Each structure stands twice: as structure tokens, then as C-alpha cells.
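Engineer: To start, I am sharing the structure in question, which I have written as C-alpha cells.
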Amino acid sequence: MKDKIIEFLYKTIKVPYEYFFKNSKPWGTNVEELLQYEANSLGHELGTFLKVNNYEVQDSLEEHDVFHVLTKIGTNVKQEVDLQFFLLGNGKRSPFVFIVILTGIVFYPNAYKSFYSCYKKGKKAYQFYHLDFQKMLTISVKNIQETFNIQEYAIHN
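Listed below in C-alpha cells is the structure:
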């Protein structure tokens, strides 16, 4: 039930967040085009991630799915909170990050160790959240992870 409440909150704030805080230009691509990139590249891995999860490219929010690809953090509600803790550790400060973290702390009191672990991994990584990932679609995910010291997510309960 708490996951449904949190999902409803996220969907409710998504539109005003996009309107007021996201002014990036959409990439103008789709899953099929992303899958045309070379295997193991960011573009191909992003396309695979979207296809496996039955998602479409979200205009002006493409980098969010890139964060999932680079960190290997899943997409259930608790893992979305983990991702935001990772990004906070990496230096990202946005209303969305703080809203997700606050709801995560309230609704997942037994997950603090996981949240803190993700925060520390984000802190150890070189700042990458602000990069223009559209220009990096041909680069291998492994290369990006190594260059920015992005440690992959380990499943936490």
C-alpha cells in the first residue's frame, strides 16, 4: 500500500516539476533508435533498460533512466529512493531529490542502511549527474562507470 501512495505522490508532482524545473530539450529518440547503438554502449544499454522494463523515452527526463543504467539500481519504489540517495551523495540538489528522500525516510524506516550505502557510493563517484548524456550515447557503460568511479548497486533489503 505504501508503494502505491508513493507512486501516486511521484506522479502528482511529476508534471509541475517538469514545468518549473526541467528546461532541457528532449532528445527526440525512441527505444528502437537507442537499440541501434553498439552493444554495451550507453545508448544501447539505455534502450535495453527501457525495453526490458516496458518503458518509453520520457521527453526531457531521459537522464533519469541513464542514472538507472549507470548505477544498476532497479526501479521499484524503494530502489527509486536508493537512486535519489545515490544522486544526493553525488551532489545533485533538486526539489525532486529531496521529496523522494523525505518520503523514503518516512515510508522505509528499515532501509536506512541501504539509503546510507547508496549515499556513500554517490559521494565516492566523481560528479556525473549533470553531464550531457545525449552526447555520450556511443561510449561504453563500463568506460563511463570506470571514469566516474560509479560503483554498481548491490541488492539491499
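Numbering (the working numbering), first residue to last: 1 to 157.
For every residue, glycine included, the Cβ atom is placed at its ideal position computed from N, Cα and C.
None of these values were measured; they are calculated from a predicted model.
Give the C-beta separation of Phe86 and Lys121 to the nearest angstrom, bearing in mind that I take them to be a contact with Cβ-Cβ under 8 Å.
Structural biologist: 6 Å
Engineer: Return helix, strand or coil for Ser179, following the three-state DSSP convention.
Structural biologist: The chain is shown only over 1 to 157; residue 179 falls outside these bounds and no answer can be derived.
Engineer: Can you name the start and end residues of the alpha helix (DSSP H) that Pro95 belongs to?
Structural biologist: Pro95 to Phe107
Engineer: Using the Cα positions of Val97 and Val77, report the straight-line distance between them to the nearest angstrom.
Structural biologist: Looking at the two C-alpha atoms, the distance is approximately 14 Å.
Engineer: In terms of alpha-carbon separation, which member of Asn90, Phe8, Leu137 and Thr103 lies closest to Ser117?
Structural biologist: Asn90
Engineer: With DSSP as the reference, label Ser114 as helix, strand or coil.
Structural biologist: helix
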